[in-house]
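**Q**
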Amino acid sequence: MESFDSGRAPMPRNMIENNMFEEEPDVVDLAKESPSYPIDSDDVVYEPRSSRLLVRGLGENDLDEDEEEYESSARLLGMSFMNRNSSQRSAVLSYTRQHPSECCSMPSARTMVVGVLILVLVASMIMVICFLPGCTFTRGGCKKTIDTVYPVSTSGELFPWTELRLPVSVHPVHYSISLHPNLTSMTFQGSVSTIVKVLQATKKIVLHSSDMKIISASFDGKEVKILEYKPWQQIAIKFPDDLKKGQYVLNINYTANFSSSYDGFYNSSYVDTTGAKRVLAATQFEPLAARKAFPCFDEPGFKSTFLIKITREPKYISLSNMPKVKTSNLSNGLQEDEFEKSVNMSTYLVAFIVAEFSSVSKNVSKTMVSVYAVPDKKDQVHYALETAGKLLDFYNTFFEIDYPLSKLDLVAIPDFLAGAMENWGLITFRETTLLVGNHSSPIDKQLVTCVIAHELAHQWFGNLVTMRWWNDLWLNEGFATYMQYTSIETVFPELDIDTEFLSVRFRALAKDALNSSHPVSNIVSTPEQVEEMFDSVSYEKGASILLMLKGTLTDEEFRKGVIEYLQKYTFRNTESEDLWNSLSQVSKQPFNIAQIMNTWTVQKGFPLVSVKRNGTQVTLTQEHFHLNSENTKDSSLWHIPLTYVNNSCSTHSSCKQVFHLKDKTATLKLPGQVKWLKFNYRSDGFYIVHYDDEGWRVLNEALSVDVNILPREDRAALINNIFALSRLGKVSFRQVLNLMEYIGNETETAPLTEALFQLAQIYRLLDKRSELSLVSRMKSYIFHHFGNLMDSQSWEQEISMSKITLRSALLEMACSLDGHNCTTQAKLLFDQWLASNKTKQIPSDLMRTVFKVAAQTEDGWTTLLDTYKYSIYDTEKLKTLEALTSTRDVKKIILILQNSLDGSVIQTQEFPFVINTICRNLPGYLYAWDFVKENWDKIIKKFPVGSYAIQSIIMSTTSQFSTKTHLKEAQNFFSSLGDRGSQMRIVQEAIETIKLNMQWMENNLNTLQNWL
Ligand SMILES: [Zn+2]
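First residue of the sequence shown? That's 33 in this note's numbering, and the numbers climb one at a time after it.
1. If you check the beta carbons only, do Phe-638 and Leu-760 fall under 8 Å apart?
2. Are Val-386 and Tyr-348 closer than 8 Å when you measure CB to CB?
3. What span of residues does the alpha helix (DSSP H) with Asp-823 cover, start to end?
4. Measuring from the CB of Ala-512, is there a heavy atom of ligand 1 at a distance below 7 Å?
5. Could you check if Asn-455 belongs to the surroundings of ligand 1, using beta carbon to heavy atom distance under 7 Å?
6. If we call anything under 8 Å between Cβ atoms a contact, is Ile-520 one with Thr-464?
7. Curious, which full-length alpha helix (DSSP H) runs of at least 4 residues does the region 383–425 contain?
8. Does the beta-carbon of Asn-508, which I'm using as the reference point, lie nearer than 7 Å to any heavy atom of ligand 1?
9. Could you give the residue range of the alpha helix (DSSP H) that holds Pro-23?
10. Does the beta-carbon distance from Leu-585 to Leu-652 come in below 8 Å?
11. What's the gap between the Cα of Met-1016 and the Cα of Ile-986?
12. Any chance the CB of Met-629 is under 7 Å from a heavy atom of ligand 1?
13. Can you tell me the Cα-Cα spacing of Asp-610 and Tyr-597, whole angstroms?
14. Please report the straight-line C-alpha distance between Ile-246 and Leu-838, rounded to a whole angstrom.
15. Whole angstroms is fine: what's the gap from Val-562's alpha carbon to Val-739's?
16. Closest to Ser-241 by CA distance: which of Pro-327, Met-1030, Cys-687 is it?
17. Is it buried or exposed for Lys-373, if we count other Cβ within 10 angstroms and need 16 for buried?
18. Would you list the residues sitting across from Thr-337 in a DSSP beta bridge?
19. Between the Cα of Gln-857 and those of Ile-836, Val-497, Asp-823, Thr-306, spot the shortest distance and give me the residue it belongs to.
20. What residue does the alpha helix (DSSP H) around Ser-758 start on, and which one ends it?
21. Heavy atom of ligand 1 less than 7 Å from the Cβ of His-692, yes or no?
22. Under 8 Å, do Val-202 and Lys-276 count as touching if we go by C-beta distance?
23. Applying the criterion that 16 or more other CB atoms from any shown protein chain within 10 Å of the CB defines a buried residue, is Leu-910 buried or exposed?
24. With DSSP as the reference, please indicate the residues paired to Cys-681 in a beta bridge.
25. What does Thr-219 pair with, by DSSP beta-bridge criteria?
26. So which of Glu-786, Ser-868, Val-677 has the shortest CA-CA distance to Leu-534?
27. Given 7 Å as the limit, tell me if His-1060 has its C-beta closer than that to any heavy atom belonging to ligand 1.
28. Is it true that the CB of Asp-567 sits closer than 8 Å to the CB of Tyr-957?
29. Taking Cβ positions, are Asn-605 and Met-499 nearer each other than 8 Å?
30. DSSP has Gln-516 in a bridge; who is on the other side?
31. Hey, could you find the ends of the alpha helix (DSSP H) Ser-360 is sitting in?
32. When we look at the beta-carbon of Val-737 and count the other beta-carbons within 10 Å, is it buried (16 or more) or exposed?
33. Would you say Pro-875 and Glu-830 are within 8 Å of each other, going by their C-beta atoms?
34. With DSSP as the reference, please indicate the residues paired to Tyr-774 in a beta bridge.
35. Going by beta carbon distance, what residues of the same chain come within less than 7 Å of Asn-931, once the five residues before and after it are set aside?
36. What is the DSSP secondary structure of Arg-1017, counted as helix, strand or coil?
Here it is, written out as structure tokens:
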């Protein structure tokens, strides 16, 4: 899935990223919708998770023996059965064994006594498990049965299962699904015939189902009663006797309403250019919403085949994953489309659409590629078709496995929350991430290309080979993100994608530096936790560590290892370890890939490497880069493939040298004297480097003489790292400003945009605190250092991607700081555009800047609102919307907030984006915060708790707070949410970010007063 970044926020890329740096909200993957199943406390009859150990008993509905045994043991050892991922546990254990923390190398007598006691305790527990099967532990001792055991199903009968994960004794083999969506009554009827395989004798079948009314059900031809436990979206059938191993058929007939949020089988509507309202129905199942469309075993590990039939009115078309094999006329005037039986796949990848769409197609290798959109936008699909064709060719060659289906559809859905979704053979997109019209800039094209590249990569990574459970979501998302940059670099070199990927890595570091971050491969069990996995760590850190690994192997070893993995696990499920093993098989390197990579996937955060040089002796030390200084005891260690260059050879990749830093400290002996060293060549590694005073001084000095002594990525990384180190308190802000002195000589986009980004973060914090004098001095500082560059930018059409990225960042900043030259030019362009009746084109990468200046007048704002309402170009609409939100008139801001949540005038899918863009500016951000608080219940009906949309809304509204009062206010609000979101990880992140902002202000306000 590709998220649509409506503005992310962990410190501030979000505050400004769209604002300053890109035409579009960033391509970073976003989480999608899914059911939040808010577990209503009233519905939950049995005890909370933490106490389940004490109350689980063995009654008439015994678990299958093996499962029971495993579960009891796991629980007694304090593990969640949700984490069946034994290889991950072993990875953690093996990692720990390899890197004992130093203080443990010589255990004290006391430690040994405690250790022995623990061992005895664990051994006793294991013996109890072995010798007293069926015994459940309660405070009163061992009981054979206990009172509160299973949850109560809707009918009042006990539900035979107590876990969020389904039992593994029954697997689905094939689903035949018939659906009749009614786009008038907004309901659908379905019947599903599922062939299931019983692997172990069992008295029950448990599967998922949500928000549907089951009319009838039969099992092996006999009518059966369905029990439902709504809080966990599960249904079950109980049998009086054991079902023997073998295959059976389960039939279920049901009806349901279309989903009112953006997941499941949902209806969407839009107004066409004639003013008529059109409706359509589409699906979005990842991660947990296939169960809203048909009863199924809705976990990625339960792969099976699907045969789908859809009944529709003749005016619509229907699409699904596979090609259509036939259409039959039904007696009631309707038609039924039948699609080919699918390949073996996970439920979250199933998709179907009923709509009035136009399309264009072409053959690429053996695949018919088509792009669909609403008829009004049929002229905007050609770029996507060309791009998808080129990328499909690239992937077929790169992976040496042909895309396995005979068709591939890419569909722009008018109302869609995520950026895109990789449904096998039927990829769905937002209109802004697929359509390219006259008003699209090269930056818009870059976004569309990125999203297509990402989703196509998923057809292999995710669809062909799928993570077993959501804990390893990064295998899907990290890889697709990595591949999107790799493929574009090769196929579309003009898009300058390296600069984008570098910036993505910097933002991932910022997020992972927080205590609220999590390991790449993380234990997840609840639906909210599954939702929360769709974040920067799975996508961007995942991609970053793959880049680092690729740099440690040879390009060909990496590619061959990936092919080995894809071939070995085709149509199957995997865990992280499987990828490492495949790469190890082809690698000739003298190190163990799994051992290296486990240090990056099973612990959160990343290392700070400190470098101290004394002649040819270099002392290297690693520690956890923790922005939160409360965490002083931290024994995390990483295996870092540390790269470096020196003054005698520093720009070409052949200059790169590697040192494997595995321990806390190590000494590197240089072969001869050097003037300076720069570590983390091109910032390909996921770590930050700190030099001693002399180390920084010589780098500063060298850069001030000639910026070209280092590749542009290294210069950008020095800027990024020194700001990060100042946030950590390792360097003073004075040192930051020292490094920035070289920036006057800088000409490259990557370092300049990084510098602007970092300064803008600080500017916005000061602005929101109303530190008026510092705000004005910061403004002068920015104009002093960047003014010449800003003034020298052209306002004409420009082709070079790198120049466009730079100028849109510079001019966005200049106009937002009311730079006179900038606003004058912007007004001029807007007036010319109006005078030409909107026919004279504004260079599309400057459109947002121009519109934002125009939106500050009453007439300008009204004109833009009209443009927003009637434009059929979605990228133009989005830039216009952002301009509308930049108004300083709070009444207008409130109007936009209300409209976007209601979905009137502004589609609800834009609500997170609206919140984000309003919060970038001083006038509206407190209103947005109040609005979110006031309307929380309404918001979480549309956007599930934990989803990326919610993460974005929370960070946008709070990440610029830096005072005690606001901290208190945020804490009070979040704790008042209870089940409605107080447990989300993003809440911790928000609070942590506010505290860090406060701390930064405390430490640096004086320096700023003195030096700015
Ligand atoms: Zn994705």
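Heads up, the beta-carbon is just placed ideally off N, CA and C, and yes, glycines get one too.
**A** From the atom records:
1. No, these two residues do not count as a Cβ contact at 8 Å.
2. A contact, by the Cβ cut-off of 8 Å.
3. First-last of the alpha helix (DSSP H) with Asp-823: 804–823.
4. Answer for Ala-512: yes, Cβ within range of ligand 1.
5. For ligand 1, not one heavy atom lies less than 7 Å from the Cβ of Asn-455.
6. Taking 8 Å as the Cβ cut-off, Ile-520 and Thr-464 do not qualify as a contacting pair.
7. For the region 383–425, not one full-length alpha helix (DSSP H) segment reaches 4 residues or more.
8. True, at least one ligand heavy atom lies under 7 Å from that Cβ.
9. Absent from the model: residue 23. The displayed extent of the chain is 33 to 1044, so no value can be given.
10. Taking C-beta atoms as the reference points, Leu-585 and Leu-652 fail to come closer than 8 Å.
11. Taking the Cα positions, Met-1016 is about 10 Å away from Ile-986.
12. With a cut-off of 7 Å, the C-beta of Met-629 is classified as distant from ligand 1, since no heavy atom of the ligand falls inside that distance.
13. One C-alpha to the other measures close to 7 Å.
14. Going by the C-alpha atoms only, they are around 57 Å apart.
15. When rounded, the distance between both Cα atoms is 45 Å.
16. Among Pro-327, Met-1030, Cys-687, the Cα nearest to that of Ser-241 is on Pro-327.
17. Exposed, by the Cβ-count rule.
18. For Thr-337, which the question treats as bridged, DSSP gives the partners His-206.
19. When only C-alpha atoms are compared, the closest one is Asp-823.
20. Element bounds for Ser-758: 744–760.
21. No.
22. Contact flag unset, no.
23. In summary, Leu-910 is buried, with 16 or more beta-carbon neighbours lying within 10 Å of its beta-carbon over all protein chains present.
24. Note: Cys-681 sits in a beta bridge opposite Asn-678.
25. In DSSP, Thr-219 forms a bridge with Asn-214, Asn-289.
26. When only C-alpha atoms are compared, the closest one is Glu-786.
27. Residue 1060 lies beyond the stretch modelled for the chain, which goes from 33 to 1044, so this question has no answer here.
28. Not in contact: Tyr-957 and Asp-567 (Cβ atoms no closer than 8 Å).
29. Closer than 8 Å, so yes.
30. Gln-516 pairs with nothing; no bridge assigned.
31. In the DSSP assignment, Ser-360 falls outside any alpha helix (DSSP H) and lies within the beta strand (DSSP E) extending over 356–361.
32. Within a 10 Å sphere around the beta-carbon of Val-737 sit fewer than 16 other beta-carbons, which makes this residue exposed.
33. Taking the C-beta atoms as reference points, Glu-830 is found nearer than 8 Å to Pro-875.
34. Paired residue(s): none; Tyr-774 is not in a bridge.
35. Here the set comprises Val-937, Ile-938.
36. Secondary structure at Arg-1017: helix, using DSSP grouped into helix, strand and coil.
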